[in-house]
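Take a look at the structure below.
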Amino acid sequence: MLFIVAVDNLAQLAAPLFLFYFLLLFPPNLI
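Residues in the sequence shown are numbered from 1 upward in steps of one, following full-length UniProt numbering.
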């Protein structure tokens, strides 16, 4: 149970980073 909570917390922290790298790889002006 604690493991699932920890993974969920990590996912919430990592999501903005993945979005940031996604925007770096695919700049908004190309969309």
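Even for Gly, the Cβ is constructed at its ideal location relative to N, Cα and C.
What you are looking at is a predicted structure, and each value in this text was computed from that prediction instead of being measured.
Inset, instruction - Alpha carbon to alpha carbon, how far is A14 from F26? Give it in angstroms, no decimals. - result: 18 angstroms
Inset, instruction - Can you give me the start and stop residues for the alpha helix (DSSP H) that F20 sits inside? - result: L2 to L25
Legend entry - Cutoff 9 angstroms: F22 Cβ touching any chain E Cβ: Note that chain E does not occur in the displayed structure, where there is just one protein chain.
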